[in-house]
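The structure appears right after this line, and notes come after that.
Numbering (full-length UniProt numbering), first residue to last: 1 to 912.
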């Protein structure tokens, strides 16, 4: 195959990706090799690739490709998540554009639209991942709502229900008024907002004050009174909820509010008379110490309501408008109501004052612009304490590893403060809850309190549910038509927490060959913001159903931000299109650009210039390969410089490989890339190739040439996990390969570095400094590279055994050992060793004088500016001491350099 003059990533990438697919190089089946398994964090089925996906999947691909090259049976399983809230919202929006409302359709009709949407948009992101080079086993592609995964979810729900870990109850939940569904605590994002704290007057009911004598009270009481009577002051950020107030609460130990004990107060505007209750829950120090209690709209208020047997008044509809339970503002949006009620309270003289206030407001994780509402709702819950107890030990005991380890504490804190998981969602798109409701007979529909009781069974099919219902009720006359399946769907995370198990059918088919071989998986690569949503829950499911954690290591990526540190978002317009970046810089260039600034757990400040740097590196590799392949070879003796160079590069390869292995073992993947980058760019291209490069139009000895191609082979293998496309292309050009062969199946076998390797590497580092010293003299004295110079080692030549390399790289006549340097020689030090270059007739005296006089003029101007600054008394008196000291050092250094230049110029002028 002929190598193109320029590297064209578009041609190379499409060609080799198809080659990999055609030859099934990504596929995996259980065999005798050690497995290496990664399951993809399933992106939303209708999503498209963004920079976070790029980072996450680049890291996964690096790990998978490296595992293949280590001889492991690498299996990377792709798939997508049905994303209940996000997908249903998109379908509802499209229906609305067609003039159709969701609830104008039956559930089955709506689901048909949802599946149409999924089939139309689903899988786009997986196709885009191919452009990145993702080496997934695409034949294993899964979907959280395909048959296997759906059956797994149903089985687990039934199992946990039968174990008593799933229950249905009336609880305060987080409610998304836009999506019209409950959310778990982890799906609420709290944002700090500049708000208002409204201080409202709750007048004491006249009957409560009929025998009230304030003179009998202790001095600690703080009594409010005006021409309308006594009142308590309640501070709230949500005045719209006063319509649901059913009590006011004080702390029984609060001295300032003792006068309110046993009283009743009147809710402003509403006119409802409510009792003053006492509970130590109330914070004495916050506000006035008086708390309005709205049991239907605050979690803590709900707890107070239960403890004190208060009435519950739900003043909000599901969509956040005011309900008919409210005595006023019915149908008004909650935020519009807030504006109006503030005006009305102020107009009625019931507002004592309003002050600015900073508080945290919860927003829906799936609808970031929608503030959640605490809402009393009948939902399904999973008891979490059991799962916390089994999921904490493997992480704390070090059986599983988090990178970076700081996330262990995050994980620990969440599990130690675990709350039950609300797993039901008021959605149609998702796994429908397998609970079936029925009425036994007319005599058993109410309990002893006269309350209607719900009877239900949990089963994996209507037929099984009917069988159970007949058994439990003793009513064999029940028919399928008497059963009503629960309308709710399960939280999306209830399917993805089974992902590492269900991908290998471990729930439906326990102990099958694949689950026993691939589980537990090796590495999980994910973002830290889903450590509770997904990571912790997968560990819980793994311990519950497999008796083992689901992965050995968790690598937490950072958040991709722009170069100003802002989180990338569509609204800011600062998030580049990954596919456009690939089109512009090539996939290898973009992968490298991402990884150059991606240390584990730390945010990535992405700059497109990094992708350009990646593209430039591609070109460097390409041109270096073309250079080597362009050399003519001959059966001649290997020069001494080449022999040393080959031995040195063999040593540095082994040394670098040890460093690379250590970095991968610690998941320092960005550092590993930099190790290979420097190895190729600095050591191989800048030094080794220069050491062995034949003279113009001269051949290279065959031994060195073959060694150089061998080094290129190793370097390509080291680079392959990071830059798969260009490495495959060039590897195929090194020698003829049979069809189906690929660099990704090649083992990277390099021995360990020996002590002699390390000594040789250290010696050549010194040799480089000697060469650099000579080159510096050339630059300073304007001596062309083609002019050969003599190098003197003063006292001794400690590195005489490498003289051939120094002579070639510095273009020297030779190296001689002398006792002292000549008067006209330019001297430099390498460590404790002194070297000199005799100049003699080699320099252009007039040009050197001109150069040094220009330097002198520049330094004199610089010194003038520094002196002027130091002569300013205000600067010296007020500037920080360190700043003044720095200026004085600049002055001293400049004066010293000026004196030296003047002396040098005077000596040079003597030679004219």
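Think of the CB as a built atom: it goes at the ideal place given N, C-alpha and C, for glycine as much as any other residue.
- With a beta-carbon spacing of about 40 Å, residue 530 and residue 654 fall beyond the 8 Å limit used to define contacts.
- Apart from sequence neighbours up to five positions away, the residues of its chain that approach residue 258 with a beta-carbon distance below 8 Å are 217, 218, 220 and 221, ordered along the chain.
- Distance from the CA of residue 540 to the CA of residue 175, rounded to the nearest whole angstrom, comes to 26 Å.
- Beyond the five residues adjoining it in sequence on each side, residue 742 comes within less than 6 Å, by CB distance, of 25 in the same chain, given in chain order.
- Within the stretch 712–780, no run of beta strand (DSSP E) reaches 3 residues while sitting entirely inside it.
- Here DSSP, grouped into helix, strand and coil, assigns residue 272 to coil.
- Taking C-beta separations shorter than 6 Å and ignoring five residues to either side along the sequence, the partners of residue 161 in its chain run 458, following chain order.
- Listed in chain order, the non-local C-beta contacts of residue 708 below 6 Å within the same chain comprise 628, local neighbours out to five positions each way being set aside.
- Going by DSSP, residue 174 is part of no alpha helix (DSSP H) but of the beta strand (DSSP E) stretching over 166–176.
- When the five nearest sequence neighbours on each side are left out, the beta carbons in the same chain lying within less than 7 Å of the beta carbon of residue 568 are those of 51, 560, 561, 562, 574 and 575, in order along the chain.
- The Cβ atoms of residue 156 and residue 422 do not sit closer than 7 Å to each other.
- The stretch 535–552 and the stretch 384–400 touch, with no fewer than 3 CB-CB distances between them shorter than 8 Å.
- Three or more Cβ pairs closer than 8 Å define a contact, and the stretch 9–22 falls short of that threshold against the stretch 105–125.
- By a beta-carbon distance limit of 8 Å, residue 49 contacts residue 578. Their separation comes to about 5 Å.
- In the three-state reduction of the DSSP assignment, residue 82 falls in the coil class.
- Between the alpha carbons of residue 638 and residue 695 lies a gap of roughly 14 Å.
- Listed as beta-bridge partners of residue 181 by DSSP are 176.
- Here the C-alpha atom of residue 830 lies approximately 26 Å from the C-alpha atom of residue 889.
- Along the stretch 589–613, the beta strand (DSSP E) occurs as fully enclosed runs of 3 or more residues at 604–606, listed in sequence order.
- Collapsing the DSSP output to three states places residue 321 in a strand.
- In this structure, residue 838 keeps its C-beta atom at 7 Å or more from the C-beta atom of residue 827.
- Rounded to whole angstroms, the separation of the alpha carbons of residue 909 and residue 849 is 7 Å.
- Taken through DSSP and simplified to helix, strand or coil, residue 379 comes out as strand.
- Counting along the chain, residue 73 sits inside the beta strand (DSSP E) bounded by residues 73–77.
- Contact between the stretch 674–683 and the stretch 13–28 is absent: fewer than 3 CB-CB pairs across the two stretches fall below 8 Å.
- In summary, residue 133 is buried, with 16 or more beta-carbon neighbours lying within 10 Å of its beta-carbon over all protein chains present.
- Between residue 767 and residue 805, the gap from beta carbon to beta carbon is short of 7 Å.
- Taking the CA atoms as reference points, residue 720 sits about 27 Å from residue 702.
- Residue 135 carries a coil assignment under DSSP once its states are collapsed to helix, strand and coil.
- Three or more beta-carbon pairs separated by less than 8 Å link the stretch 721–731 to the stretch 581–590, which places the two stretches in contact.
- The Cβ neighbour count for residue 98, taken over all protein chains shown within 10 Å, is under 16; the residue is labelled exposed.
- Residue 492 is positioned such that its CB atom lies closer than 7 Å to that of residue 83.
- Residue 581 counts as buried, since no fewer than 16 other beta carbons sit within 10 angstroms of its beta carbon.
- When C-alpha distances from residue 854 are compared across 898, 879 and 772, the shortest belongs to 898.
- Here the C-alpha atom of residue 882 lies approximately 11 Å from the C-alpha atom of residue 876.
- Straight-line measurement puts the Cα of residue 364 at about 27 Å from the Cα of residue 39.
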